[in-house]
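Residue numbers (the working numbering), protein chains in the order written: chain A, 42 to 399; chain B, 39 to 332. For glycine and all other residues, C-beta sits at the position ideal for the given N, C-alpha and C.
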Amino acid sequence: MRFDYDTSYADPQRLLRYRSQWIAYGTLVLALIAAPWVLPPYYVGELNYLFIVSIASLALMILTGYTGQVSLGHAAFMAIGAYAHAWFLNNGLGFIASILCASALTAAVGLVIGLPAIRVSGLYLAMITLAGALVTEQIIGRWKDVTGGYSGLSVPAPIVFGFDFGSLRAFYFLCLFVLVLVLSGLLNLMRGRTGRAFVGVRDSEAAAYTLGIWVGGHKVLAFVISAFVTGIAGALLAHHLQFLTPDGFGLTLSMELVLMVVIGGLGSLRGAVFGAVLIGLLPTLISKIKPALPASIATQFGLETFVFGLILALFVMFEPAGLNGRWIKLKVLLQNFPLYRRNTFRRGKVYMHSERYR
Amino acid sequence: MNAQLVQFLQLSLNGVAIGSIYALVALGIVLTYKATEVLNFAYGDILMMSAFIGWGLIAVVGLPFWLAVLITIAIAAFLGYMLDRHIMRTIVGQPQFAGVMLTIAVAFMLRGAVSMMFGPTSRNYPTPWSGQITHLGPLVIADLSLVILATALLVTALLFLFLRYTQLGIAIQAASQNQLAAYLCGIRVKWLNSLVWGVAAAMAAVCGLLLAPTALVDISLWFVVLKGLAALVLGGFGSVPGAIIGGLLIGLIEQFAGVYLPDGFKEMMAQLVLIGVLIFWPRGLLGEAHGRRV
């Protein structure tokens, strides 16, 4: 067992406190650096995609997991980021300027979509974001002069400081770098004043209000930050796809992002990455097990949708804390090995209580 | 009569016909919302599945139309009942978001199952009214639309009578107003909630069977749930008459947008109305006042 002994005020502020954490995360980083030389190219491409959706999932986690604002339409932000980035690149901006402009534009749209969050909450917000995403998809499909409509828009290669990141391995490191940047940024955000305020708004608006937190402002700020980061993910996704069509950013992607956040476990950045990895890999896994299934099921399109639904249902019903909850349970079990009590994480009995008047 | 007026009346007629389906969808969603406070995102998929079952019974098994309709409604009602009893009940007391996620999960599973069983192709089935039209002066209307309108009125009236005058209906109202008080009065709240889900699913089946012949029996039928949500919000969330009025209005707005507004607005209109209403007028037409309870 491990006990926390703080010997200085700086101790609880460290991101990595223990030697075991340094070893574990160091090994992970080394493995990720070695991965593109070890894995076959197909899996490197998959990893690129995983990094990109992890960024988007982290962004949604800030909004849904930490601030408690439901968004069922986050793919719209990815779409705006991707299209804006492609448009800026095609119009002669450099990579870094373009990705920043695209994300800023996405953040501006996030501000507009987030403003209703001051007035409406819960289910209403879910519906408004869903409707916003559908409208965005339609607009992108119709605005042919800028987006190319349904015939698509090609994306130039990413060139940073004269170096072409277009190759698979180079792009891998670009995505990894951005993911680490975003992750450390969000980690620091969440343990700072703003992040604490977000959690306060999620847990009780009234209590947060009493403590002098500007509730409406923080809700909108969460939307803006989330949209900004999602815009970055969208811009990277544009390079990953190399060719943008509106169908790629439809309802399915929005739902997948929500799935990542819920399955990963609301309220933990680690969970967001876990969820992104699981959901991002699921199509590949399913295609791997397809040969083992009877042909009548394996050849149909619906299998993937069905498995997504099944996994989501099982998590919501039996493990609301998500993959991160499982992870923590496993860790506690290993740490306290012979002394683990089965009831440590037992859920209390809950009763129906109305949220109708919120 | 001049052509403009004829067009206007024709559009109104079509709008009311399609709007009555939206109204039924909104009504089904609001029923479960009032009873269990779960916004049923799977409603569209129950509807879509019912259309497929109806097609299977009519076109594959070869049952007569009316028998197939009855069996489909029974299957859907049973499914709705079981859905609440075995799935939705496990998350009672958790935040509203859990209910949203669980119904989305059920929606995915139904969509996946239907698409695995029936494949991606669209199909159609014959009804006693397919291809017939009625002339009302200068207006032309498909008989199917009239049937849709009549059925919507009938279902709404039956539901009203059921909720207003039967003991069971009054018990449902009581349970939806205050579950604990209703329980203490000896009402079987859990069973009633499952029953409401069953009734709502049966209404979804009616909608699906009505909608399928006008469109096609297709996976994308579930999209109608988005129109239903718009109708719900416009009419005022949680209000039964509001759901009906909202549905009819959304139907009308869509028809008029298709003709009088630029290309592309017809598909977006329901969503734009939803966003606009929620931002500027969250109460909707007949919504309850939103008190803030700490």
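Residues of the segment 171–183 of chain A with a CB closer than 7 Å to any CB of chain D: list them in chain order, please.
-> This model lacks chain D altogether; the protein chains it does include are A and B.
Mind checking which residues open and close the beta strand (DSSP E) that includes residue 174(B)?
-> 171–174
Residue 167(B) to residue 104(B), Cα distance in whole Å?
-> 12 Å
What residues in the segment 342–353 of chain A have a beta carbon less than 9 Å from any beta carbon of chain B?
-> 342, 343, 344, 345, 346, 347, 348, 349, 350, 351, 352, 353
Local Cβ density within 10 Å of residue 251(B), reported as buried at 16 or more and exposed below that = buried
With DSSP run on the structure shown, which of helix, strand or coil describes residue 179(B)?
-> strand
What residues match up with residue 335(B) in a beta bridge as DSSP calls it?
-> Residue 335(B) is absent from the model: chain B starts at 39 and stops at 332.
Assign residue 329(B) to one of two classes, buried (16 or more other C-beta atoms within 10 Å of its C-beta) or exposed (fewer than that).
-> Here residue 329(B) scores only 45 on pLDDT, less than 50, and its place in the model should not be relied on; the value that follows carries that caveat. By the neighbour-count rule (16 or more Cβ atoms within 10 Å), residue 329(B) is not buried but exposed.
Per DSSP, which one or two residues make a beta bridge with residue 200(A)?
-> 205(A)
Environment of residue 77(A) [buried if 16+ CB atoms lie within 10 Å] = buried
Smallest Cα separation from residue 179(A): which of 222(B), 318(B), 303(B)?
-> 303(B)
Is the Cβ of residue 161(A) closer than 8 Å to any Cβ of chain B?
-> yes
Can you tell me which of the three DSSP states residue 65(B) falls into?
-> helix
Cβ of residue 325(B) within 8 Å of Cβ of residue 285(B)?
-> no
Leaving aside the five residues before and after residue 146(A) along the sequence, list all residues of the same chain whose C-beta is less than 6 Å from its C-beta, in chain order.
-> 125
Taking the alpha-carbon positions, what's the residue 71(A) to residue 125(B) distance?
-> 44 Å
Are residue 314(A) and residue 95(A) touching if we call contact CB-CB under 8 Å?
-> yes
Would you verify that the beta carbon of residue 124(A) is, or is not, closer than 8 Å to some beta carbon of chain B?
-> no
Interface flag, residue 86(B) vs chain A, CB-CB below 8 Å | no
Simplified DSSP state of residue 79(B), which is helix, strand or coil = coil
Among residues of its own chain, excluding the 5 on either side of residue 374(A), which ones have a beta-carbon nearer than 7 Å to its beta-carbon?
-> 381
Quick one: what's got a C-beta closer than 6 Å to residue 213(A)'s C-beta in the same chain, skipping five residues either side?
-> 77, 85, 89
Range of the contiguous alpha helix (DSSP H) that encloses residue 298(B) | 278–298
Whose C-alpha, out of 358(A), 384(A), 367(A), is nearest the C-alpha of residue 136(B)?
-> 358(A)
What is the rounded straight-line gap between the Cα of residue 322(B) and the Cα of residue 163(A)?
-> 16 Å
Sequence-distant residues of the same chain with beta carbon closer than 7 Å to residue 95(B), five excluded per side | 101, 106, 109, 110
Could you work out which residues of chain A lie near residue 153(B), taking near to mean beta carbons separated by less than 9 Å?
-> 341, 342, 343, 344, 346, 347
Contacting positions in the segment 135–146 of chain B - beta carbon closer than 8 Å to chain A | 135, 136, 138, 139, 140, 142, 143, 144, 145, 146
Report the option in 272(A), 176(A), 300(A), 307(A) whose CA atom is closest to the CA atom of residue 322(A).
-> 300(A)
Would you verify that the beta carbon of residue 292(B) is, or is not, closer than 8 Å to some beta carbon of chain A?
-> no
Cross-chain neighbours of residue 111(A) in chain B, by beta carbon under 8 Å | 135, 138
Leaving out five residues before and five after residue 317(A) in sequence, what residues of the same chain have Cβ atoms less than 6 Å from its Cβ?
-> 94, 95, 98, 301
In the DSSP assignment, what residue or residues form a beta bridge with residue 195(A)?
-> 284(A)
Looking at the unbroken alpha helix (DSSP H) that takes in residue 108(A), where does it start and where does it end?
-> Per DSSP, residue 108(A) belongs to no alpha helix (DSSP H) and is neither H nor E.
Are any of the Cβ atoms in chain B nearer than 8 Å to that of residue 164(A)?
-> yes
Hey, residue 105(A) and residue 260(A) are a contact pair by Cβ (cut 8 Å); roughly how many whole angstroms apart?
-> Their Cβ separation, rounded to whole angstroms, is 12 Å, which puts residue 105(A) and residue 260(A) out of contact at 8 Å.
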